[in-house]
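In terms of the working numbering, the sequence shown is numbered consecutively and its last residue is 343.
Even for Gly, the Cβ is constructed at its ideal location relative to N, Cα and C.
Remarks on the structure that follows.
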Amino acid sequence: MFQNPKSNLQNPLILLTGPTAVGKSTLALALAQKFEAEIISADSRQLYRGMDIATAKPSPVEMALVPHHLIDLISPDEDFTLAAFQAQAYALINAILERQRLPLVVGGTLLYINALAEGWQIPQVEPSLELRQALEEEAAQRGPEALYEELKQIDPEAAARIISNNTRRIIRALEVYRTTGRLFSEVQGKSKPPYHILKLGLTLERPLLYQRADERIENMFERGLISEVENLLAVGYSATLPAMTSLGYSQVAAYLRGEMSLPEAKEKMKFATHRYIRQQYTWFRRDPEILWFDATEADLELKVSQKIAEFLNFGEDKDLQSTKIVEVVSGPRKFD
8 MFQNPKSNLQ NPLILLTGPT AVGKSTLALA LAQKFEAEII SADSRQLYRG MDIATAKPSP
68 VEMALVPHHL IDLISPDEDF TLAAFQAQAY ALINAILERQ RLPLVVGGTL LYINALAEGW
128 QIPQVEPSLE LRQALEEEAA QRGPEALYEE LKQIDPEAAA RIISNNTRRI IRALEVYRTT
188 GRLFSEVQGK SKPPYHILKL GLTLERPLLY QRADERIENM FERGLISEVE NLLAVGYSAT
248 LPAMTSLGYS QVAAYLRGEM SLPEAKEKMK FATHRYIRQQ YTWFRRDPEI LWFDATEADL
308 ELKVSQKIAE FLNFGEDKDL QSTKIVEVVS GPRKFD
C-alpha cells in the first residue's frame with residue numbers, strides 16, 4: 008500500500024498519455040526518478056520482442072535507470088489480449104504499491120489507458136483460431152479499414168473505442184460478435200478500480216507535432232529500421248501478422264517486397280503516422296479528466312512535478328527542480 012506519511016492518499020496511480028512523438032517517454036523517465044516511480048508501458052507495440060525501432064522503445068540505458076514493465080513480453084506472432092494487459096497491469100500496479108513506490112503508466116494506446124482507469128470488465132470469450140485466421144486474411148486482403156467499417160455498422164459503440172488501424176482489436180470485436188451473437192460493447196461493463204488516479208497529457212500544436220514525428224521517422228531509418236524488419240522476416244515472422252502490419256513495419260515490408268521505393272515507404276509511413284495522431288486526438292477529446300500540458304512550455308518538468316506533488320500531498324519539502332528534459336523547446340501553447 009503506497010501512502011505518503013503526510014497524506015491520507017492511498018493507492019495513487021499516475022497515467023501519462025499523449026500523441027505519438029510528443030515526448031512522453033523522456034518526461035516519464037525524469038518523473039520516475041524524481042518520485043521513485045516504476046514505469047508501466049501502455050503501448051501495445053512495445054510488448055513485442057525484436058520490434059524496437061519503429062515502436063520507439065526506451066533504450067537499455069533508460070530502462071536501467073528506472074524499472075520498466077510490459078516491454079519485450081511476447082513474440083510478434085503471439086497474441087496478447089486487452090484482458091491480459093489489464094490483468095498484468097493491475098498486478099504490477101499492486102506490486103509497485105506494495106513496494107512503497109509509485110506506479111506510472113505511460114503510453115498512447117488509449118484502449119489500454121481507459122481499460123485501466125475505468126476498470127473495463129472485458130468479455131471472457133475464448134478466441135476462435137479458425138475465425139481469427141479468416142479475419143486476419145480478410146484484413147490483409149481488404150485492409151483493416153474495411154473491417155473497421157464493418158464493425159461500425161454492427162457495433163458503432165465498440166468502433167468508437169477502437170482506432171481504425173488497430174487490426175487486432177477490430178478482429179477481436181468482430182470475433183466476439185460472430186462467436187456469441189452479442190455486441191462487444193454490450194458484454195463490456197465497467198467496475199471502478201481501487202486507485203486514486205491522476206491523468207496527465209502532453210500535447211503540441213499539430214504542425215510542430217507532425218514535424219517531430221517526421222524527424223523521428225527519418226531517425227528510425229538511420230538507426231536501422233530496414234535491417235530490423237529484414238531480421239524479423241528472416242526468422243519467419245509473416246508480414247501479414249497483426250504486429251507486422253503496424254506503423255513502420257508494414258511500409259518497410261512493402262519496400263522490401265519491391266512494391267514501392269524507399270522515399271515512397273517513408274512518405275507512406277509519415278502519412279499513416281499523421282493519421283494515427285489525428286485518431287489519437289479524437290480519443291483524447293472524449294476524456295475531460297486529462298490535465299494537459301504543452302510539451303513546449305518552459306519548466307515543463309517542474310510544472311508537471313508540482314501537479315503530481317499536489318496530488319500526492321508531498322508538501323513543500325519535495326525537491327522538484329528540473330532534471331533537464333532534453334526535448335522541451337520554446338513555442339506557443341495550444342491544445343489542437
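> What's the gap between the Cα of residue 17 and the Cα of residue 320?
Replying inline: To locate residue 17, count along the sequence shown from 1; it is residue 10. To locate residue 320, count along the sequence shown from 1; it is residue 313. So the two alpha carbons sit approximately 11 Å from each other.
>> Please return the same chain residues whose Cβ sits closer than 7 Å to the Cβ of residue 184, not counting the five positions on each side in sequence.
In response: On the sequence shown, residue 184 is found 177 positions in, with the first residue counted as 1. Closer than 7 Å at Cβ, skipping near neighbours: 161, 162, 190, 191.
> In the DSSP assignment, what are the bridge partners of residue 128?
Replying inline: As a first step, residue 128 is located in the sequence shown; it is residue number 121 there, counting from the start. Beta-bridge pairing links residue 128 to 196.
> Applying the criterion that 16 or more other CB atoms from any shown protein chain within 10 Å of the CB defines a buried residue, is residue 98 buried or exposed?
Replying inline: For the purposes of this step, residue 98 is taken as residue 91 along the sequence shown, with counting starting at 1. By the neighbour-count rule (16 or more Cβ atoms within 10 Å), residue 98 is not buried but exposed.
>> Within 10 Å of its beta-carbon, does residue 187 have 16 or more other beta-carbons around it, so buried, or fewer, so exposed?
In response: Locating residue 187 in the sequence shown gives position 180, counting from the first residue. Exposed, since its Cβ has fewer than 16 Cβ neighbours within 10 Å.
> Any idea what DSSP makes of residue 87, helix, strand or coil?
Replying inline: Stepping through the sequence shown from its first residue, residue 87 is reached at position 80. Residue state, collapsed to three classes: coil.
> Does the beta carbon of residue 143 sit closer than 7 Å to a beta carbon anywhere in chain C?
Replying inline: Any reference to chain C falls outside this structure, which holds one protein chain only.
> For residue 322, does the three-state DSSP call read helix, strand or coil?
Replying inline: Along the sequence shown, one-based indexing puts residue 322 at 315. The predicted position of residue 322 is uncertain, since its pLDDT is 45 and thus under 50; no value can be drawn from it.
>> Using 7 Å as the threshold, is the C-beta distance between residue 311 and residue 318 below it?
In response: Mapped onto the sequence shown, residue 311 falls at position 304. Mapped onto the sequence shown, residue 318 falls at position 311. No, they are not a contact pair.
> Going by beta carbon distance, what residues of the same chain come within less than 8 Å of residue 89, once the five residues before and after it are set aside?
Replying inline: To locate residue 89, count along the sequence shown from 1; it is residue 82. Same-chain partners within the cutoff: 118, 119, 122, 127, 129, 176, 179.
> residue 228 lies in the alpha helix (DSSP H); which residues open and close that run?
Replying inline: Your numbering for residue 228 matches position 221 in the sequence shown. Going by DSSP, residue 228 is part of the alpha helix (DSSP H) stretching over 213–229.
> By a C-beta neighbour count over all protein chains shown, 10 Å radius and 16 as the cutoff for buried, is residue 48 buried or exposed?
Replying inline: Within the sequence shown, numbered from 1, the residue matching residue 48 stands at position 41. The residue is buried, with at least 16 neighbouring Cβ atoms inside 10 Å.
> What did DSSP end up calling residue 295 once you bin it into helix, strand or coil?
Replying inline: Indexing the sequence shown from 1 puts residue 295 at position 288. Residue state, collapsed to three classes: coil.
> Which term fits residue 92, buried or exposed, when burial requires 16 or more other beta carbons within 10 angstroms of its beta carbon?
Replying inline: Against the sequence shown, residue 92 aligns to sequence position 85. Residue 92 comes out buried.
>> Among 257, 102, 151, 274, whose alpha-carbon lies nearest the alpha-carbon of residue 358?
In response: What is shown of the chain runs 8 to 343, which leaves residue 358 out entirely.
>> Rounded to whole angstroms, what is the Cα-Cα separation between residue 181 and residue 158?
In response: By one-based count along the sequence shown, residue 181 stands at place 174. By one-based count along the sequence shown, residue 158 stands at place 151. Rounded to whole angstroms, residue 181 to residue 158 spans 7 Å at the Cα level.
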